[in-house]
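I have placed the structure first, in the form of structure tokens, so that the comments after it can refer back to it.
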Amino acid sequence: MKIAIIGFGAAAIGFIEKVKDAGIEVHVFEKSKDIYSSSISGIRADGKLFVSSDMGGELDVDLKLQKDLVDFWISKTDNNSVETGKSFANPDYYKQFYSKGFMPILSDFYHLGTDQLKEVLYNIFEEYKNNKNIHFHFNKNIKSFEVNNGDAIIEGEKFEKVYVAVGRSGHKLVKELMSNYPEFVVDSSKVDLGIRYEVPNHIVDDLNREMYEFKVKFKSKTGYMVRTFCNNPSGYVVTENYGDFKTVNGHSKLKEKSQNTNFAILTTVQLTEPFNDPIGYGSHIAKMSNLLAGDKVILQTYSHFKNSKRTKNLYRVMPTLPESQYILGDVNLAFPRRIVESIVDFVDNLDTVVPGIANPDNLVYAPEIKFYSNTLNNDLVDSVKFIGDCSGYTRSIIYATAHGYLEAEKLIENNQ
Ligand SMILES: Cc1cc2nc3c(=O)[nH]c(=O)nc-3n(C[C@H](O)[C@H](O)[C@H](O)COP(=O)(O)OP(=O)(O)OC[C@H]3O[C@@H](n4cnc5c(N)ncnc54)[C@H](O)[C@@H]3O)c2cc1C
């Protein structure tokens, strides 16, 4: 059997890990020019691995498989060094957050760190490359493919099955496929819009020591659900370039540490018919923010964000994002009011549990946007499967790895 995988990210790795000794000929098409080239993804920046049934995707992945996959990733480091923690293992913290209306999310986490991910990817790639059944084709940005008599035709070559594993950065290919086969789309209505928040470490020291990654959800007075995401103790804020717009993100390193902690505060916007373009909606807001900031991102103090005033000076908290990448401004000129109100409600309530979190000079960066891919139907065409984030079922390294792994398991079973 000869199959193709488009994209070499977490889902493709989970898939290949399962299929590598099954005697199946696997061709991997990856748009980057080699294994080191960057694409925006957590297996190239940050690398936090979570074991949780409450986050990571809309997929049932049992906790044992999640932990096995964490061990797989850790086994590819050179000396097994990772930071680890459990969120809300301490019932006192759980109760404190719960009593103030927050929904604490339970998870175990393992942090590889940006600096270690290169060697992890290199070690995985070296092993797969030496397997005679696995063939890598770099520099192949697949823009489309055809399905003909049950086979998928990619770059003129025939494959019995194609596994599309292009993550979110491959949204153009997915969009192109959807324009030819709209019946693949099961659901397309959600987007997470918000900010990256940065505070001095000492404000969240206890929390960081206790659990490193604190994840909570909160139903705000606007009715929107707001959540924290991707906490980076002693971390750095960075920008992400999507080609036609820039957003903010954060990461942390195993060795180099800053004085600040950053995390995302995201509002989930779920709209109904006739709305069907969450990526378009999010992109427009991102572009509007960039437009105001001269193609950069906006930085504002919390009190100005809350009171809709342009920030002109900072006070005690100094940004970890280099000055060349932001403009001091007013996020309110780009964000819908309901989103700003939801975030303010969240921060002000969080301050009752974590005093100082709503300090007027804490920093707000915008836009931070998390796109949900459309949820796609994997049972529609036998030769075309979507795995990982582009399928709409996953949003994390471990869930994407698991999705690839589970789909490979099905392939092997059906091929016997
Ligand atoms: C900056 C950042 C940090 C993150 N940090 C974390 C984290 O710490 N922990 C966590 O659990 N999750 C994190 N995530 C999310 C996580 O990276 C994803 O959920 C996960 O990598 C999804 O795996 P995937 O295989 O679906 O896609 P990816 O890992 O993104 O892989 C997709 C691959 O497909 C390639 N590709 C795209 N389009 C094409 C095309 N047309 N032709 C050929 N190749 C193509 C890309 O170059 C890429 O290599 C982060 C995401 C980002 C953007």
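Using the numbering used here, you'd call the opening residue of the sequence shown number 30 and step up by one each time.
C-beta: ideal position from N, C-alpha, C; glycine also.
No experiment lies behind these values; they were computed from the predicted model shown.
What residue does the alpha helix (DSSP H) around residue i start on, and which one ends it?
i	result
Ile103	92-104
Ile386	No alpha helix (DSSP H) holds Ile386; DSSP gives it neither H nor E.
Arg366	366-379
Asn178	It is not in any alpha helix (DSSP H) - Asn178 carries neither H nor E in the DSSP assignment.
Ala118	Here Ala118 belongs to no alpha helix (DSSP H), and DSSP marks it neither H nor E.
Met207	200-209
Ile163	Where Ile163 is concerned, there is no enclosing alpha helix (DSSP H), although the beta strand (DSSP E) it sits in stretches over 163-166.
Just curious, the beta strand (DSSP E) that residue i is in, first and last residue?
i	result
Leu222	219-229
Thr276	275-280
Glu186	186-188
Val410	Run containing Val410: none; DSSP gives neither H nor E here.
Asn261	254-261
Ala33	31-35
Gln329	326-330
Tyr265	265-270
Return the CA-CA distance between residue i and residue j, expressed in angstroms with no decimal places.
i	j	result
Asn270	Asp100	31 Å
Gly199	Ser173	11 Å
Leu379	Asn237	15 Å
Ser218	Asn159	42 Å
Pro351	Gly130	36 Å
Leu94	Ile53	23 Å
Glu331	Phe58	According to the sequence provided, residue 331 is Tyr. The question's Glu does not apply to it. If you take the alpha carbons of Tyr331 and Phe58, they lie about 44 Å apart.
Val339	Ser402	Reading the sequence as shown, one finds Arg at residue 339 and not Val. Approximately 33 Å, taken between the alpha carbons.
Asp107	Gln288	28 Å
Gly38	Val245	28 Å
Ser104	Asp324	41 Å
His308	Ala51	Checking the displayed sequence, the identity of residue 308 turns out to be Ile instead of His. Computed Cα separation, rounded: 38 Å.
Asp91	Lys439	16 Å
Arg197	Phe400	8 Å
Glu46	Ile171	23 Å
Val393	Ile372	11 Å
Gln354	Asn361	19 Å
Check whether chain C comes within 8 Å of residue i, counting only Cβ atoms and requiring the distance to be less than that.
i	result
Ser332	Considering every chain present, this structure includes no chain C. It has just one protein chain.
Can you name, in chain order, every residue of its own chain whose Cβ lies under 7 Å from the Cβ of residue i, other than the five neighbours on each side?
i	result
Val410	Val176
Pro229	Gln288, Asn289, Val346
Phe375	Phe247, Ser249, Val255, Ile294
Ile64	Leu150, Tyr151, Phe154
Phe274	Ser312, Ala315, Lys316, Asn319
Return the residue from the list the options that minimises the CA-CA distance to residue i.
i	options	result
Asp418	Ala33, Ala40, Lys31, Ile32	Ala40
Glu285	Phe58, Glu54, Asp75	Asp75
Arg382	Ile232, Leu435, Ile426	Arg is not the amino acid found at residue 382; the sequence shown has Val there. It is Ile232 whose Cα lies nearest to the Cα of Val382.
His166	Lys147, Glu186, Gln145, Asp180	Glu186
Asp359	Pro396, Pro384, Phe415	Pro396
Phe334	Ser353, Lys325, Val369	Val369
Asn443	Ile314, Asp180, Leu92, Lys190	Lys190
Ser425	Ser82, Ser61, Lys325, Ala387	Ser82
Gln329	Glu156, Ala363, Val48	Ala363
Lys49	Val326, Lys31, Asn162	Asn162
Ile314	Glu302, Leu300, Lys341, Thr276	Thr276
Met30	Ser337, Lys204, Ala181	Ala181
Lys201	Thr268, Asp144, Gly272, Ile153	Gly272
Ile183	Tyr422, Val413, Ile441, Thr423	Val413
Gln145	Leu283, Pro384, Tyr355	Leu283
Phe243	Tyr123, Ser70, Asp97	Tyr123
Leaving out five residues on either side along the sequence, give the residues of the same chain with a beta carbon under 6 Å from the beta carbon of residue i.
i	result
His56	Ala33, His164
Asn291	Arg225, Glu227, Asn261, Gly264, Val266, Gly279
Ser420	Leu405
Looking only at its chain, what residues have a beta carbon closer than 8 Å to the beta carbon of residue i, apart from the 5 residues adjacent to it on each side?
i	result
Phe44	Ile34, Tyr192, Ala194, Ile416, Gly433, Tyr434, Glu436, Ala437
Original post:
On the three-pair Cβ rule with 8 Å, is the stretch 138-152 touching the stretch 108-128?
Top reply: yes
Original post:
Do the stretch 219-229 and the stretch 288-306 meet, that is, are 3 or more Cβ pairs less than 8 Å apart?
Top reply: yes
Original post:
Would you say the stretch 145-152 touches the stretch 259-275, given that touching needs at least three Cβ pairs under 8 Å?
Top reply: no
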